[in-house]
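Note that my numbering has the sequence shown beginning at 1, numbered continuously upward.
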Amino acid sequence: METIGQTPLGEQVYDRIATALLTGQMRPNDKLTIRGLADQLGVSSTPVRDAVKQLTQENVLEHRSPKDVRVPVMSEQTYLEILTIRLSLEGLAAEQAAINASAQQIRDLRRLLDRNEKAIVRRRWAEATQGNQEFHLALSTLAGMPVLQKVLRGLWLQMGPLVACYYDTEPGGLNTQHYVLVDALEARDGAAARRAIEADISLARPAMLDQITRLQARHAADRAA
Numbered sequence: 001m002e003t004i005g006q007t008p009l010g011e012q013v014y015d016r017i018a019t020a021l022l023t024g025q026m027r028p029n030d031k032l033t034i035r036g037l038a039d040q041l042g043v044s045s046t047p048v049r050d051a052v053k054q055l056t057q058e059n060v061l062e063h064r065s066p067k068d069v070r071v072p073v074m075s076e077q078t079y080l081e082i083l084t085i086r087l088s089l090e091g092l093a094a095e096q097a098a099i100n101a102s103a104q105q106i107r108d109l110r111r112l113l114d115r116n117e118k119a120i121v122r123r124r125w126a127e128a129t130q131g132n133q134e135f136h137l138a139l140s141t142l143a144g145m146p147v148l149q150k151v152l153r154g155l156w157l158q159m160g161p162l163v164a165c166y167y168d169t170e171p172g173g174l175n176t177q178h179y180v181l182v183d184a185l186e187a188r189d190g191a192a193a194r195r196a197i198e199a200d201i202s203l204a205r206p207a208m209l210d211q212i213t214r215l216q217a218r219h220a221a222d223r224a225a
């Protein structure tokens, strides 16, 4: 993570840690320290402690002890709950984006998608992970629904480290449904846009569950050691 200026600190620190989680710079079961984060960001411990406290309250980080802060290893139950919510809410965002997005916004979304596809072809998985979450969160912007985006961003904060692990497996067809979705937006077909994003989210389900099983087994082994 890049260092940041000294003022204002609170929101900047929170946003930098959140970005690290969204883009896979922090992975499930990673141990974090207040001092270590403060050193990386070039700030004092106080704003980092406040940001970590907020992220813990949002179930994005977890305290195992006063000095042991971790990126959680998501449970299957939590993943399936978030999956169900995302299917509904991201489907809504896609449907409304087909109605409300401007032609320029749709062109910008296609350019974002094309950049992400180039990152995948070049096997730049960190860039691809970031491009993927930007694409998904952009839908609520195109829909003109900022409250919905805030809700979805919270879900993506929890999902980010797991999605990064999924991208490590170099899965194929990552953008197939994204292109179908953009085509639907251009056609102003909300139902088709909803189907595309629902198909995209559902496609990763078996691999994500497999990742959870692997991560939980590794976590159990680490705790037993």
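Just so it is clear, CB atoms sit at the ideal spot from N, CA and C, and this is done for glycine as well.
Small disclaimer: the values here were computed from a predicted structure and weren't measured.
Query                                                                                                : Result
Nearest neighbour of ALA20, chosen from THR141, THR129 and ASP183 [CA to CA]                         : THR129
Contact set for ARG112: own chain, Cβ-Cβ below 8 Å, skip 5 residues either direction                 : As written in the sequence, residue 112 is Leu, which differs from the Arg given in the question. Taken in chain order, the residues that qualify are GLY131, GLU134, PHE135 and ALA138.
Per DSSP, cross-strand counterpart(s) of LYS31                                                       : ARG70
Which of helix, strand or coil DSSP assigns to GLU58                                                 : coil
Counted within 10 angstroms of its Cβ, other Cβ atoms place ARG205 as buried (16 or more) or exposed : exposed
For ARG214, the three-state DSSP class (helix, strand or coil)                                       : helix
Length of the line joining the Cα atoms of ARG223 and ARG64                                          : 12 Å
Separation of ARG123 from ALA143, as counted between CA atoms                                        : 31 Å
The alpha helix (DSSP H) enclosing ASN116, as first and last residue numbers                         : 103 to 121
Enclosing alpha helix (DSSP H) for ASP200 [first to last residue]                                    : 190 to 203
For ILE106 and VAL182, the rounded distance between their alpha carbons                              : 7 Å
Distance between ASP108 and LEU148 (C-alpha atoms, nearest Å)                                        : 20 Å
When ILE197, ALA164 and ILE85 are compared against THR176, the one with the closest alpha-carbon     : ILE197
Beta-carbon gap between ALA93 and LEU185 smaller than 9 Å                                            : no
Residue from ALA103, VAL180 and ALA207 with nearest C-alpha to ALA199                                : VAL180
Reference THR169; option with closest CA among ILE120, VAL13 and ALA18                               : ILE120
Rounded Cβ spacing between TYR166 and GLN211 (contact assumed at less than 8 Å)                      : 6 Å
Status (buried if at least 16 other CB within 10 Å, exposed otherwise) for ILE201                    : buried
CB contact flag (VAL151, MET208, <9 Å)                                                               : no
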